[in-house]
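A quick write-up on the structure given underneath.
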Amino acid sequence: MNVILAISEDLQTYIEAQIQAGSYGSVVEYFLHLVQQDRQRKQAQEKLESLLQEGLDSDSEPVTPAYWQNLRGSVLGTNPEEK
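Here the sequence shown is numbered in the numbering used here, starting from 272 and rising by one per residue.
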């Protein structure tokens, strides 16, 4: 696949600076890296949304002030039930 992009001069300058700095070997390498990052970000977003939905759908303990107090005590090691 060949792609032709029209980009602004300031973006072109930025991309050229990235290549000259040694961050990327070519414009193609730079854009491939951007596409890979975008794909990874979207996959992570989908995974997060799936986990959030799984949590919402699960039977769980109601989050009350007592729940937070117990959790805080567990983290700080001050729960009498855990000693």
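Glycine included, each C-beta is placed from N, C-alpha and C at the ideal position.
Let's see if you can read the secondary structure: which residues bound the alpha helix (DSSP H) around residue i?
i: G344; result: 336–347
i: I275; result: Element bounds for I275: n/a, residue is neither H nor E.
State the Cα-Cα distance for the pair residue i and residue j, rounded to the nearest angstrom.
i: L282; j: E325; result: 41 angstroms
i: A292; j: Q311; result: 24 angstroms
i: S294; j: S331; result: 47 angstroms
i: N350; j: L323; result: 28 angstroms
On a Cα-Cα basis, can you pick out the residue from the options that is closest to residue i?
i: V274; options: Y285, V298, R343; result: V298
Discussion item. I'd like the ranges of any beta strand (DSSP E) spanning at least 3 consecutive residues and lying wholly in the region 292–316.
Written reply: Secondary structure within the region 292–316: not one fully enclosed beta strand (DSSP E) run of 3 or more consecutive residues is present.
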